[in-house]
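Following: one structure in structure tokens, then a few remarks.
Protein chains: 2
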Amino acid sequence: MSDERWTVLREQTLVDRQPWLRLIEQDVQLPDGRVVEGYLKADAPPYTSVFALTENGMVVTIEEYKHGPGRVVLKLPAGFIEPGESALEGAKRELLEESGYEASEWRLLGQFHDDGNRGMSLGYHYLAQGLRKVAEPDAGDLATVIPGLMTAAALRRALLAGQVGESATAVGMLLGLDALQNVT
Amino acid sequence: MSDERWTVLREQTLVDRQPWLRLIEQDVQLPDGRVVEGYLKADAPPYTSVFALTENGMVVTIEEYKHGPGRVVLKLPAGFIEPGESALEGAKRELLEESGYEASEWRLLGQFHDDGNRGMSLGYHYLAQGLRKVAEPDAGDLATVIPGLMTAAALRRALLAGQVGESATAVGMLLGLDALQNVT
Chain A
1 MSDERWTVLR
11 EQTLVDRQPW
21 LRLIEQDVQL
31 PDGRVVEGYL
41 KADAPPYTSV
51 FALTENGMVV
61 TIEEYKHGPG
71 RVVLKLPAGF
81 IEPGESALEG
91 AKRELLEESG
101 YEASEWRLLG
111 QFHDDGNRGM
121 SLGYHYLAQG
131 LRKVAEPDAG
141 DLATVIPGLM
151 TAAALRRALL
161 AGQVGESATA
171 VGMLLGLDAL
181 QNVT
Chain B
1001 MSDERWTVLR
1011 EQTLVDRQPW
1021 LRLIEQDVQL
1031 PDGRVVEGYL
1041 KADAPPYTSV
1051 FALTENGMVV
1061 TIEEYKHGPG
1071 RVVLKLPAGF
1081 IEPGESALEG
1091 AKRELLEESG
1101 YEASEWRLLG
1111 QFHDDGNRGM
1121 SLGYHYLAQG
1131 LRKVAEPDAG
1141 DLATVIPGLM
1151 TAAALRRALL
1161 AGQVGESATA
1171 VGMLLGLDAL
1181 QNVT
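Here the protein sequences line up with chains A and B, keeping their order.
Number 184 marks the last residue of the first sequence (this note's numbering); no jumps.
Number 1184 marks the last residue of the second sequence (this note's numbering); no jumps.
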């Protein structure tokens, strides 16, 4: 395929609320020469999401109020990667903080931007196995974080029934369920 | 579960680029009484994404440059819902524009916000079956849109190999693959 990348001719920061969000306006030139003025891009910090499976086949879940959908939703342990952390280190920290589990086997299932046009956060989705409960959860989030355990079948039913509110959570759960169904 | 919703005490628009994006700052009160000042929210238009399956089991795909990931990625027919359109009407229009297909059977597989904290777009993910080619594609997008057909197995391999760049596309593909594997 030919080079379809856009060339950035001009860039201006509209709102700078780093580390949470930087909203940017760009003038871009398309491969056919057309110029688009004022294209919006946004940078937000990367995050990790963990599909953690216990020895007896239960998935570690979280119930938490999220202000985007504006309701309590079903989630996986997840959170922003902190400065100086690798994605894997962030995943291990979030799993421990939000659920109290450590895992001995980690596999990156995929990584995706939350907004295909503007960019936003890049999410890293992990499968964690070989779980061991080593602490009580202590998430330190703004909202109350309620950890739980569900079978894969119950998790899938809850997802399809609308209990998940966020694309990132849906990706993490569906990648995990896919990995379980396609074990080699 | 108790009411975990946050109360918005104050709201101010920081950037208004409707219909594409409105960035908002809120002071919110948490259920425990704490007040968080300057919480960022963002509104972006809703979109639809279509997992369209031909009679012989091929999935309609799109190759397109996306400025978020900054590369050519594998997608499904998808796009923003236009004013006055229902989600289903938008899905039918996008499928026709980007691939030239009409479908006789439609099923909503799920709907998710692209940013759990800030909101952003709400995406509606459809399964479309009973396909009939009625036109040549004419997407009218900024980037060149290349439609194609892939088997479900090839689509899954491409997704796991990193050819998909966006969470929304990953959700739509994984929901479609899940529906195929769990036909009742």
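Heads up, the beta-carbon is just placed ideally off N, CA and C, and yes, glycines get one too.
Hey, quick one: how far does the beta strand (DSSP E) through B/VAL1050 stretch, first residue to last? It spans 1047 to 1052 - the beta strand (DSSP E) in which B/VAL1050 sits, taken as one unbroken run.
Kindly say whether B/ARG1093, judged by its beta-carbon, lies nearer than 8 Å to any beta-carbon of chain A. Not closer than 8 Å to any Cβ of chain A, the Cβ of B/ARG1093 fails to qualify, so no.
B/ALA1152 vs B/LEU1180 beta-carbon contact at 8 Å: Their beta carbons are under 8 Å apart, which means B/ALA1152 touches B/LEU1180 by this criterion.
Thinking B/TYR1047 and B/GLY1123 are a contact (beta carbons under 8 Å), I'd like their distance in whole angstroms, please. Right, the Cβ-Cβ distance comes to about 5 Å (below 8 Å), so this counts as a contact.
Using a Cβ distance threshold of 8 Å, determine whether the region 146 to 163 of chain A contacts the region 112 to 121 of chain A, with at least three qualifying pairs required. Contact between the region 146 to 163 of chain A and the region 112 to 121 of chain A is absent, because fewer than three Cβ pairs lie under 8 Å.
Would you verify that the beta carbon of A/GLY33 is, or is not, closer than 8 Å to some beta carbon of chain B? Taking Cβ atoms only, chain B never reaches closer than 8 Å to A/GLY33, which makes this a no.
What ranges does the beta strand (DSSP E) occupy inside the region 29 to 98 of chain A, keeping only unbroken runs of at least 3 residues that lie completely in it? Listed in chain order, the complete beta strand (DSSP E) runs (minimum 3 residues) inside the region 29 to 98 of chain A are 35 to 43, 47 to 52, 58 to 66, 71 to 75 and 78 to 80.
For B/GLU1098, which option in B/MET1058, B/GLY1176, B/GLY1110 and B/SER1049 has the closest C-alpha, if you only look at C-alpha atoms? Per the Cα distances, B/SER1049.
Tell whether a beta-carbon distance below 8 Å holds between B/VAL1015 and B/VAL1028. A distance of 8 Å or more separates the beta carbons of B/VAL1015 and B/VAL1028.
Helix, strand or coil at A/LEU142 according to DSSP, with G and I counted as helix: Three-state result, A/LEU142: coil.
Quick check on the burial criterion: 16 or more other C-beta atoms within 10 angstroms. Buried or exposed for B/PHE1069? The amino acid occupying residue 1069 of chain B in the given sequence is Pro; Phe does not appear at that position. By the neighbour-count definition (other C-beta atoms within 10 Å, threshold 16), B/PRO1069 is a buried residue.
Cut-off 8 Å between Cβ atoms - residues of its own chain near A/PRO269, not counting five sequence neighbours on either side: Given a span of 1 to 184 for chain A in the structure shown, any question on residue 269 of chain A remains unanswerable.
Just to confirm, are A/GLN26 and A/GLU11 a CB contact at a threshold of 8 Å? Contact: yes.
According to DSSP, is A/GLY148 part of a helix, a strand, or is it coil? Here DSSP, grouped into helix, strand and coil, assigns A/GLY148 to strand.
What first and last residue would you give for the alpha helix (DSSP H) that runs through A/GLY176? First-last of the alpha helix (DSSP H) with A/GLY176: 167 to 181.
Work out the CA separation of A/LEU174 and A/ALA87 for me, nearest whole Å. Cα to Cα, the separation comes out at about 20 Å.
Are at least three pairs of beta-carbons, each pair with one atom in the region 52 to 66 of chain A and one in the region 136 to 153 of chain A, less than 8 Å apart? As far as the Cβ criterion goes, the region 52 to 66 of chain A touches the region 136 to 153 of chain A, which means the pair count is three or higher.
Taking 8 Å as the threshold (beta carbon to beta carbon), is B/ASP1043 in contact with chain A? No, B/ASP1043 does not count as interfacial toward chain A.
Does the separation of the CB atoms of A/LEU159 and A/ALA170 fall below 8 Å? Yes, the pair counts as a contact, with Cβ atoms nearer than the cut-off.
Closer than 6 Å by C-beta to A/ALA91: which residues in its own chain qualify, once you throw out the five before and the five after it? Chain order, please. Within the same chain, A/ALA91 has close Cβ partners THR48, VAL50 and TYR126.
Backbone CA spacing between A/ALA143 and B/TRP1006 [nearest angstrom]: As the crow flies, the alpha-carbon of A/ALA143 is around 9 Å from that of B/TRP1006.
Can you tell me the Cα-Cα spacing of A/ALA128 and A/VAL36, whole angstroms? Linking A/ALA128 to A/VAL36 through their CA atoms gives a straight-line distance of about 43 Å.
Secondary structure at B/ARG1224, three-state DSSP: helix, strand or coil? A question about residue 1224 of chain B goes unanswered here, because the residues of chain B that appear run from 1001 up to 1184.
Check whether chain B comes within 8 Å of A/ASP115, counting only Cβ atoms and requiring the distance to be less than that. Yes, because at least one Cβ of chain B sits closer than 8 Å to the Cβ of A/ASP115.
Keeping to the same chain, check which residues put their C-beta closer than 6 Å to that of A/LYS133; ignore five residues upstream and five downstream. Cβ within range, chain order: GLY100 and TYR101.
Just by C-beta distance, which residues in the region 1153 to 1175 of chain B are closer than 8 Å to chain A? Going along the region 1153 to 1175 of chain B in chain order, one finds ARG1156, LEU1159, LEU1160, GLY1162, VAL1164, GLY1165, GLU1166, SER1167, ALA1168, THR1169, ALA1170, VAL1171, LEU1174 and LEU1175 with a Cβ nearer than 8 Å to chain A.
Between B/GLU1004 and chain A, is there a C-beta pair that is closer than 8 Å? Judged by the 8 Å Cβ criterion, B/GLU1004 is in contact with chain A.
Is the CB of B/TRP1020 under 8 Å away from at least one CB in chain A? Cβ-Cβ to chain A under 8 Å: yes for B/TRP1020.
Can you give the beta carbon distance from B/SER1167 to A/SER167, rounded, assuming they're within the 8 Å contact cut? That pair is a contact at about 4 Å.
DSSP bridge partner residues for A/TRP106 (one or two, in chain order): Beta-bridge pairing by DSSP links A/TRP106 to A/ALA128.
Assign A/GLU4 to one of three DSSP states: helix, strand, or coil. Coil at A/GLU4, not helix or strand.
Within 10 Å of its beta-carbon, does B/ASP1032 have 16 or more other beta-carbons around it, so buried, or fewer, so exposed? Exposed, since its Cβ has fewer than 16 Cβ neighbours within 10 Å.
Classify A/ASP43 as buried or exposed, calling it buried when 16 or more other Cβ atoms lie within 10 Å of its own Cβ. It is buried - the Cβ of A/ASP43 has at least 16 other Cβ atoms within 10 Å.
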